Amino acid sequence: MAKKASSSSPRTDPPAPADAFVWTRKDLLGLDELSAQEILHVLDTAGSFEEVSTRSIKKVPALRGKVVALLFFEDSTRTRMSFELAASRLSADTLQMSAKGSSVTKGETTLDTARNIAAMGVDVLVIRHSQSGAPHMLARQMPESIINAGDGQHEHPTQALLDMYTIRQRLGGIEGLTVAIVGDIAHSRVARSNILGLRKLGARVIVVGPPTLVPGAITAMGCEISHSLDDVLGEVDVINMLRIQFERFSSNLFPSVREYSQSYGLNSQRLKRCRKDVLVMHPGPINRGVELTSDVADGPNSCILQQVTNGLAIRMAVLYLVTQGNR
Amino acid sequence: MAKKASSSSPRTDPPAPADAFVWTRKDLLGLDELSAQEILHVLDTAGSFEEVSTRSIKKVPALRGKVVALLFFEDSTRTRMSFELAASRLSADTLQMSAKGSSVTKGETTLDTARNIAAMGVDVLVIRHSQSGAPHMLARQMPESIINAGDGQHEHPTQALLDMYTIRQRLGGIEGLTVAIVGDIAHSRVARSNILGLRKLGARVIVVGPPTLVPGAITAMGCEISHSLDDVLGEVDVINMLRIQFERFSSNLFPSVREYSQSYGLNSQRLKRCRKDVLVMHPGPINRGVELTSDVADGPNSCILQQVTNGLAIRMAVLYLVTQGNR
Amino acid sequence: MAKKASSSSPRTDPPAPADAFVWTRKDLLGLDELSAQEILHVLDTAGSFEEVSTRSIKKVPALRGKVVALLFFEDSTRTRMSFELAASRLSADTLQMSAKGSSVTKGETTLDTARNIAAMGVDVLVIRHSQSGAPHMLARQMPESIINAGDGQHEHPTQALLDMYTIRQRLGGIEGLTVAIVGDIAHSRVARSNILGLRKLGARVIVVGPPTLVPGAITAMGCEISHSLDDVLGEVDVINMLRIQFERFSSNLFPSVREYSQSYGLNSQRLKRCRKDVLVMHPGPINRGVELTSDVADGPNSCILQQVTNGLAIRMAVLYLVTQGNR
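Just so you know, the protein sequences line up as chains A, B and C, in that order. Taken in order, the first sequence gives residues 380 to 706; the numbers are from our numbering. Taken in order, the second sequence gives residues 380 to 706; the numbers are from our numbering. Taken in order, the third sequence gives residues 380 to 706; the numbers are from our numbering.
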């Protein structure tokens with residue numbers, strides 16, 4: 380169902396899920412719990428929603444009269460906007476709570492806050508929280524649908540889903556690809572969700588970064604480790620460059636921003652040593668000149684803005700599926 | 380018209396307002412100004428809106444094309460969200476102004492701010508303000524409908540209306556009941572609006588708290604005073620536990636949080652000494668272990684989340700009625 | 380097409396633009412780039428939208444399914460609310476980003492932020508930015524429509540358009556009028572956009588203020604300078620009083636608020652020396668007793684709230700036209 384872009388190296392996906400496949404989960408908590416078939420079903424559903432965003436009237440009535448609450452206990456403009464727009468494109472009403480200045484959260488447990496907002500007649504709660512596992516705890520205790528929009532250093536499933544959607548769109552499939560994820564692996568929920576999902580769909584994953592930012596135990600997730608970006612350039616089909624959090628530099632995990640950029644930044648010299656159609660990804664926002672030079676970020680291998688566009692389709696699919704799974 | 384839950388102690392309401400009753404107020408400012416008949420009319424109207432929130436498509440077109448502005452000069456996530464959702468469930472558009480970082484309020488009077496926002500074509504202004512009487516001042520000077528969402532230590536009418544709606548729903552009526560309101564009576568607009576409304580509907584009201592937080596003059600509102608929660612447990616049909624504002628403890632009005640909780644907190648021991656179907660209420664957010672222990676807050680006597688749900692129906696009713704009263 | 384209020388001094392506009400006129404701009408960046416014909420076309424289009432705001436159901440489906448993003452890199456409650464309501468009155472969805480606490484902007488260029496939000500499927504970006512020229516830069520680099528909602532000390536085109544709309548509505552036309560703009564001309568984007576627009580439509584413009592706040596070079600824009608408000612009162616058809624930014628007083632540009640008010644504030648004595656139907660304008664929010672006394676602000680010559688109301692019609696027109704110009 381998903382549109383596949385023409386590409387110089389088409390690959391074949393696993394067979395599309397049978398039409399008979401029925402999504403049964405009321406929540407989307409992480410890639411960890413999803414089967415390969417479920418992941419592909421989300422991508423296929425997103426494929427059918429992608430077309431909506433190209434219409435002159437970008438709306439479908441699928442969730443009309445439903446309410447989606449965006450509970451961002453941790454701030455995130457970009458992900459919040461994407462979920463908000465996805466919900467309104469499905470004709471749902473949205474309700475927002477941001478952490479700052481919220482009287483709801485004063486002295487109140489996360490569960491009480493969520494239950495109170497749900498009691499207003501909310502169908503789906505999209506949760507971002509600094510504590511790993513917070514959405515899972517809510518999902519166990521509440522009948523409403525819970526979507527994890529990023530929990531601590533644990534998972535960020537919709538980001539990984541939109542990344543996989545974009546890879547499949549540009550390269551025709553995921554199985555058999557080699558994907559490098561570069562940067563602060565230790566603290567990245569984007570990395571964790573990507574590793575889990577890519578492995579389930581049959582990709583090889585190499586995580587790349589300095590030893591202080593790449594824990595050895597990560598290989599238990601089925602990925603390989605490299606401490607040299609230069610060593611892996613020749614092998615990769617996709618390079619996903621993680622955003623560097625500058626506040627970590629002061630913590631002595633990095634020598635300096637400049638040194639990090641020299642060892643692990645992607646520039647045109649390094650790009651020349653990759654295969655011609657290598658896909659350059661970044662979850663945004665970009666630190667230009669740090670993770671990526673501008674010529675790479677804006678060049679033909681980059682799919683960074685396409686990732687953002689695809690995020691809408693993925694979030695529409697996820698909002699739609701969890702309400703279907705909660706009847 | 381309101382649904383009455385089956386209950387072990389059904390009571391009879393005053394006769395329902397005749398169908399011929401016509402709401403004529405353009406504003407909802409407080410329980411002080413409402414007649415018993417008007418209060419019952421709001422509750423009955425909420426009863427007919429309650430059903431909307433149980434539909435798959437939770438929307439009615441009653442206020443389509445109308446604009447409801449939420450002017451929160453004082454922050455309130457919970458009440459704001461409830462009004463926002465009530466407005467959108469009636470198909471109105473909403474417009475929000477929060478106090479923080481608002482350029483509207485710089486050097487501008489409250490009346491100028493309200494008039495300017497109204498001049499954009501707003502039909503209803505929902506006002507929360509730290510100054511007692513601010514909504515009343517606006518209502519006198521402006522042709523638009525004004526709803527008081529809490530003014531200083533004065534009134535919070537929609538909270539009292541949803542409390543009374545919930546009591547009637549659970550216990551079948553209000554007349555003849557004994558209701559205890561426990562906590563910081565002196566500073567509570569929730570207490571004031573509840574006392575006014577409950578008395579008008581024929582309930583007996585006992586306010587309970589330490590002498591520093593219960594002004595003797597409050598008996599002029601028709602309620603009784605007790606400084607011992609234990610003394611009144613055997614008499615009450617409803618216990619409404621007010622939220623404690625921790626910042627007041629430092630002001631020497633309370634000895635300590637622990638001491639307050641021991642004297643005025645509701646726990647399972649105290650609950651056993653009440654009648655079996657006593658109703659436990661709280662306007663939220665709860666400080667678990669202070670006003671209420673968790674077993675009581677989450678137990679069968681508690682209607683705390685039902686209060687939140689009913690808040691939607693009450694706010695839909697109020698938004699609907701004031702626009703009807705402003706034709 | 381615009382409704383003309385009856386007035387004691389009707390004047391004649393230039394002939395209305397032929398029906399055949401087709402708006403071709405995808406952006407609205409400033410009055411500087413617009414021809415007189417284009418300005419009049421915006422005013423005429425606003426005239427046809429003004430009627431929508433008087434309907435019981437204040438909505439038209441013109442932009443249904445379109446998305447308008449409000450990117451306020453600099454805060455503005457009032458202008459943001461006006462654009463938000465204009466968009467929803469046209470049935471568009473809106474998406475908001477405010478500068479404060481926005482994770483989008485961390486280390487990200489303005490262009491990257493705008494492009495990322497646009498990639499979500501946004502049709503129109505309304506930009507307020509502290510840097511002069513920021514909307515112009517975005518308009519050159521992005522295919523989406525850009526509307527300038529105020530850029531640095533450069534332009535604020537929708538404010539000038541609503542001012543001109545209001546003048547035409549109240550006085551029947553603009554050509555041949557004498558308009559005084561009073562206050563901090565040097566730092567005012569409202570003044571700049573008004574001067575540009577009024578001159579193009581054939582009005583005489585006198586800017587009035589103390590020498591420290593009125594740069595001599597401003598005469599290059601075709602206006603005259605006066606340092607005495609009293610000197611010009613007898614000549615003017617319109618007095619537009621700019622808002623004083625108190626933070627500038629400490630910078631020694633003004634002697635004191637009181638002294639400023641005595642020399643350049645409008646009060647009833649000064650109003651008596653103007654022609655009887657002189658129009659008093661202010662972009663808001665008013666500092667009562669500084670730029671204007673209350674009797675003048677609330678008197679029959681004032682059209683301050685009408686300006687706010689007309690702002691909706693102007694912003695509906697601009698949102699509509701730029702999407703028409705971007706097909």
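Beta carbons are placed, not taken as given, at the ideal position from N, Cα and C, and that holds for glycine. Predicted model, so just to flag it, every value in this text is computed and none were measured.
Give the DSSP-derived three-state secondary structure of residue i in the structure shown.
i: isoleucine 604 of chain A; result: strand
i: histidine 533 of chain B; result: coil
i: serine 635 of chain A; result: coil
i: arginine 652 of chain A; result: coil
i: phenylalanine 462 of chain C; result: helix
i: phenylalanine 451 of chain C; result: strand
i: asparagine 527 of chain A; result: strand
i: asparagine 573 of chain C; result: helix
i: threonine 557 of chain B; result: strand
i: isoleucine 506 of chain A; result: strand
i: methionine 660 of chain C; result: strand
i: proline 393 of chain B; result: Residue placement at proline 393 of chain B is flagged as unreliable, the pLDDT there being 39, under the threshold of 50; a coordinate-derived value is accordingly withheld.
i: isoleucine 585 of chain A; result: strand
i: isoleucine 618 of chain B; result: strand
i: serine 681 of chain A; result: strand
i: serine 477 of chain A; result: strand
i: leucine 490 of chain C; result: helix
i: valine 327 of chain B; result: One cannot answer for residue 327 of chain B here, as it falls past the ends of chain B, which runs 380 to 706.
i: leucine 540 of chain B; result: helix
i: aspartate 472 of chain B; result: strand
What does residue i reach in chain F if we use C-beta pairs closer than 8 Å?
i: leucine 684 of chain B; result: The structure shown contains no chain F; its protein chains are A, B and C.
Do residue j and residue i count as a contact pair if the criterion is CB distance below 8 Å?
i: methionine 460 of chain A; j: methionine 476 of chain C; result: yes
i: alanine 539 of chain C; j: asparagine 573 of chain C; result: yes
i: isoleucine 693 of chain A; j: threonine 537 of chain A; result: yes
i: histidine 535 of chain A; j: valine 569 of chain A; result: yes
i: valine 505 of chain B; j: serine 470 of chain B; result: no
i: serine 509 of chain B; j: phenylalanine 452 of chain B; result: yes
i: arginine 434 of chain B; j: glycine 444 of chain A; result: yes
i: valine 687 of chain A; j: glycine 704 of chain A; result: no
i: leucine 691 of chain B; j: leucine 464 of chain B; result: yes
i: cysteine 416 of chain A; j: threonine 545 of chain A; result: Sequence check: residue 416 of chain A is glutamine here, not cysteine. No, the Cβ-Cβ distance between glutamine 416 of chain A and threonine 545 of chain A is not below 8 Å.
Anything in chain A within Cβ reach of residue i, meaning under 7 Å, just list it in chain order.
i: arginine 507 of chain C; result: The premise fails here: arginine 507 of chain C is roughly 16 Å from chain A at the closest Cβ pair, so nothing lies under 7 Å.
i: alanine 438 of chain B; result: Going by the sequence as given, residue 438 of chain B is lysine instead of alanine. Neighbours of lysine 438 of chain B on chain A, chain order: Gly444.
i: serine 467 of chain B; result: Asp472
i: leucine 410 of chain B; result: What leucine 410 of chain B touches in chain A: nothing, since even the nearest Cβ is about 23 Å away.
To which residues of the same chain is residue i closer than 8 Å at the C-beta, ignoring the five residues directly before and after it?
i: glycine 500 of chain A; result: Val446
i: isoleucine 418 of chain C; result: Leu410, Leu540, Met543, Gly576, Lys579 and Leu580
i: valine 615 of chain A; result: Thr557, Val558, Ala559, Ile585, Cys653, Arg654 and Val657
Starting from the beta carbon of residue i, find every residue of chain C whose beta carbon is closer than 7 Å, and list them in chain order.
i: leucine 474 of chain B; result: Met460, Glu463 and Leu464
Enumerate in chain order the residues of its own chain whose CB-to-CB distance from residue i is below 6 Å, with the five nearest sequence positions on each side excluded.
i: asparagine 680 of chain C; result: Val657 and Val659
i: histidine 661 of chain B; result: Met620 and Ile683
i: glutamate 487 of chain B; result: none
i: aspartate 491 of chain B; result: none
Determine the chain B residues that contact residue i at a beta-carbon separation under 8 Å, and present them in chain order.
i: threonine 488 of chain A; result: Arg667
i: threonine 688 of chain C; result: Ala498, Met499 and Gly500
Under 9 Å Cβ-Cβ, which residues of chain B neighbour residue i?
i: glycine 663 of chain C; result: Val483, Glu487, Asp491 and Asn495
For residue i, which residues from the same chain have a beta carbon less than 7 Å from its beta carbon, with the 5 sequence-adjacent residues on both sides left out?
i: alanine 518 of chain B; result: Asp406, Leu408 and Ile525
i: alanine 513 of chain B; result: Thr489, Ile506 and Asp530
i: serine 647 of chain C; result: Thr672, Asp674 and Val675
Since residue i meets chain A, which of its residues come closer than 9 Å, beta carbon to beta carbon?
i: leucine 671 of chain B; result: The contacting residues do not exist; leucine 671 of chain B stays about 11 Å from chain A at best.
In chain C, which residues lie with their C-beta within 9 Å of the C-beta of residue i?
i: arginine 434 of chain A; result: Gly444
For residue i, go through chain A and note every residue whose CB falls closer than 8 Å to its CB, in chain order.
i: serine 681 of chain B; result: Neighbours of serine 681 of chain B on chain A: none; closest Cβ ~12 Å, over 8 Å.
i: leucine 691 of chain B; result: Met499 and Gly500
Task: Cβ contact check for the segment 642–654 of chain A and the segment 597–613 of chain A: 3 or more pairs under 8 Å - done: yes
Task: Inter-stretch contact (C-beta, 8 Å, three-pair minimum) for the segment 421–431 of chain B and the segment 587–607 of chain B - done: no
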